[in-house]
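Using our numbering, read the sequence shown as starting at 44 and increasing by one per residue.
For glycine and all other residues, C-beta sits at the position ideal for the given N, C-alpha and C.
What follows is one structure encoded as structure tokens, with my remarks underneath.
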Amino acid sequence: MRTIGLMSGTSLDGVDAAYVETDGERIGRFGPSLTLSYSPELRRDLRALLDAAPALHAEGRLADDPRMLDCARRLTERHAEAVEALGMPADLIGFHGQTILHRPSTRPREEGHTWQIGEPALLARRCGTEVVHDFRSADVAAGGQGAPLVPVFHQVLAESLPKPLAILNLGGVGNVTWIGRDGGLIAFDTGPANGPLDDWVRRTLGQDCDRDGRLALSGRQDETVLGRLMAHPYLAASPPKSLDRLDFDLALRTAGTGSLSPADGAATLAAFCAACVAAATRHFPDPPLQWLVAGGGRRNPAVIKALAERLEAPVHPVEVAGWDGDALEAQAFGVLAARVARGLSLTFPGTTGAPHPMTGGRRMPVPA
44 MRTIGLMSGT
54 SLDGVDAAYV
64 ETDGERIGRF
74 GPSLTLSYSP
84 ELRRDLRALL
94 DAAPALHAEG
104 RLADDPRMLD
114 CARRLTERHA
124 EAVEALGMPA
134 DLIGFHGQTI
144 LHRPSTRPRE
154 EGHTWQIGEP
164 ALLARRCGTE
174 VVHDFRSADV
184 AAGGQGAPLV
194 PVFHQVLAES
204 LPKPLAILNL
214 GGVGNVTWIG
224 RDGGLIAFDT
234 GPANGPLDDW
244 VRRTLGQDCD
254 RDGRLALSGR
264 QDETVLGRLM
274 AHPYLAASPP
284 KSLDRLDFDL
294 ALRTAGTGSL
304 SPADGAATLA
314 AFCAACVAAA
324 TRHFPDPPLQ
334 WLVAGGGRRN
344 PAVIKALAER
354 LEAPVHPVEV
364 AGWDGDALEA
374 QAFGVLAARV
384 ARGLSLTFPG
394 TTGAPHPMTG
404 GRRMPVPA
């Protein structure tokens, strides 16, 4: 099938689009990919919605909130522009949407919630193409974490690579896929990644990110603050586990970062990202032979340096394997869309804690 995958991650910086020819189990070929940035206004409004979403959900007002409806429409229009800019004919569009609330169950029989905004009918109508969406809900309803979703795609990509292998994605939140010698999968969110660092630089210097890691590399990590952050109970918990972007907000506000200079705060948060990843290795049955890093974090030399210092195996950007680290998650949702169309499993006990391999996703035909 000819698919276009779309992904808007927790960093809230824009939408990635990628063309993939796939049957969901193999890759025929990768085509072009691109990123369209969000306007500062949309980014601001999405962040405000993220902040408000827990309270709105608790009050039962999230589905009808005017801010949510407005953001969903504007976000979908930007996704449609990405599809149009890609200029590739497709049979399916894999539309993840924007996560604004992620609260999976933490105890048996507890009801979980995950909420991705976007209007699949609007996207299908604008693009004239069937849209596959709502990838996470079925897994969460069955007691799974609903995240991460990309491990089965990683498994397809890494078929010929030496194993054990760890594939790390560093967006606003980090997630890792461990692939064993027999192809077995373990996956979970490692902890905060670019999100706190981006927020710090925006708050202290008015910039979108620590470009090229210059700020973090010029500072010194504060071991006391880092120790407080690493005491968060999430980091000691066993997988399956996943994060909402705001789960560490209280810890970040109370750890003492406010007393640090911009440079020292950036250095500490870069070290925190790497320390979370290092803590994740205790959950691997065998140490990986190498780490392949995707997402925006692989472009931050301070983060990569901190990872190399804390991990025992070599750390490389995914480009050394011939993959496109900027397009990888969008490509994944192209492959996942094909898996939905074929009724193939998306999630597994080792990736989300699902009770068994599970299908998911919903299909939105082009409105008449």
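Asked	Found
In three-state terms, what does DSSP make of Val336?	strand
What residue range is occupied by the uninterrupted beta strand (DSSP E) comprising Ala201?	Looking at the DSSP string, Ala201 is not in any beta strand (DSSP E), and its letter there is neither H nor E.
What does a CB cutoff of less than 6 Å around Gly396 pick up in its chain, not counting 5 residues either side in sequence?	Gly187, Gln188 and Pro283
Can you tell which of Leu240, Ala61, Arg254 and Ala201 has its C-alpha closest to the C-alpha of Leu228?	Ala201
Under a Cβ-count criterion, where at least 16 other Cβ atoms within 10 Å of its own Cβ denotes burial, should Glu162 be classed as buried or exposed?	buried
In whole angstroms, what separates the C-alpha of Cys316 from that of Phe376?	25 Å
If we call anything under 8 Å between Cβ atoms a contact, is Ala181 one with Asp232?	no
So the beta strand (DSSP E) Ala61 belongs to, where does it begin and stop?	Gly57 to Thr65
Output yes or no for whether 8 Å exceeds the beta carbon distance between Met273 and Ala318.	yes
Taking the beta carbon of Gln250 as the centre, do at least 16 other beta carbons fall within 10 Å, making it buried, or is it exposed?	exposed
Who are the near neighbours of Ala128 in its chain, counting only those whose CB is closer than 7 Å to its CB and skipping five residues on each side?	Leu77 and Leu79
Looking at the unbroken beta strand (DSSP E) that takes in Ser76, where does it start and where does it end?	Ile70 to Ser80
Would you please state the rounded distance, in angstroms, between the beta carbons of Met50 and Asp56? I believe it to be under 8 Å.	In fact, because the Cβ distance is near 11 Å, the residues do not count as touching under 8 Å.
Within the same chain, show all residues whose beta-carbon is closer than 8 Å to that of Ser82, passing over the 5 residues directly before and after it, in chain order.	none
Suppose you measure from the CA of Asn212 to the CA of Gly338; what does that come to, to the nearest Å?	5 Å
What are the boundary residues of the alpha helix (DSSP H) that Gly238 is part of?	Asn237 to Leu248
Check the C-beta distance from Arg405 over to Asp177 and give it rounded, since I have them as a contact under 8 Å.	5 Å
Quick one: give me the first and last residue of the beta strand (DSSP E) that Phe138 is part of.	Leu135 to Phe138
What does a CB cutoff of less than 8 Å around Arg116 pick up in its chain, not counting 5 residues either side in sequence?	Glu162 and Leu165
Is the shortest distance between the beta-carbon of Ala259 and the beta-carbons of chain B less than 8 Å?	No chain B is present in this structure, which holds just one protein chain.
Taking one C-beta from the stretch 253-271 and one from the stretch 286-306 each time, how about it: are there three or more such pairs within less than 8 Å?	yes
So, under 8 Å CB-CB, Arg288 and Gly215 are touching, yes? Tell me the CB distance rounded to an integer number of Å.	5 Å
In this structure, does DSSP put Phe291 in helix, strand or coil?	coil
With 16 as the cutoff for other CB atoms within 10 Å, does Gly365 come out buried or exposed?	exposed
Would you call the stretch 378-389 and the stretch 346-359 in contact, with 3 or more CB pairs under 8 Å?	no
Quick one: residues in its chain with C-beta nearer than 6 Å to the C-beta of Ile210, no 5 flanking neighbours on either side, listed in chain order?	His197, Thr220 and Leu335
Have a look at the DSSP bridge pairing and note the partners of Pro360.	Val336
Please tell me whether Val199 and Val63 are closer than 8 Å, where the distance is taken between their beta carbons.	no
From Glu124, Thr157 and Leu260, pick the residue whose C-alpha is nearest to that of Arg179; which is it?	Thr157
Compute the Euclidean distance between the alpha carbons of Leu260 and Gly130, then round it to the nearest angstrom.	40 Å
I'd like the list of long-range same chain contacts for Gly403, defined as Cβ closer than 8 Å, with 5 residues on each side in sequence excluded.	Asp177, Phe178, Arg179, Ser180, Ala181, Asp182, Val383, Leu389 and Thr390
Could you work out which residue in Thr394, Ala236 and Arg169 is closest to Asp290 when comparing CA atoms only?	Ala236
Going by DSSP, which residues form a beta bridge with Phe231?	Val219
Distance, Cα to Cα, Leu112 vs Ala373?	24 Å
Which partner residues does Asn212 have in the DSSP bridge list?	Asn218 and Ala337
Could you tell me the alpha carbon to alpha carbon distance between Ala380 and Phe138, rounded to whole angstroms?	8 Å
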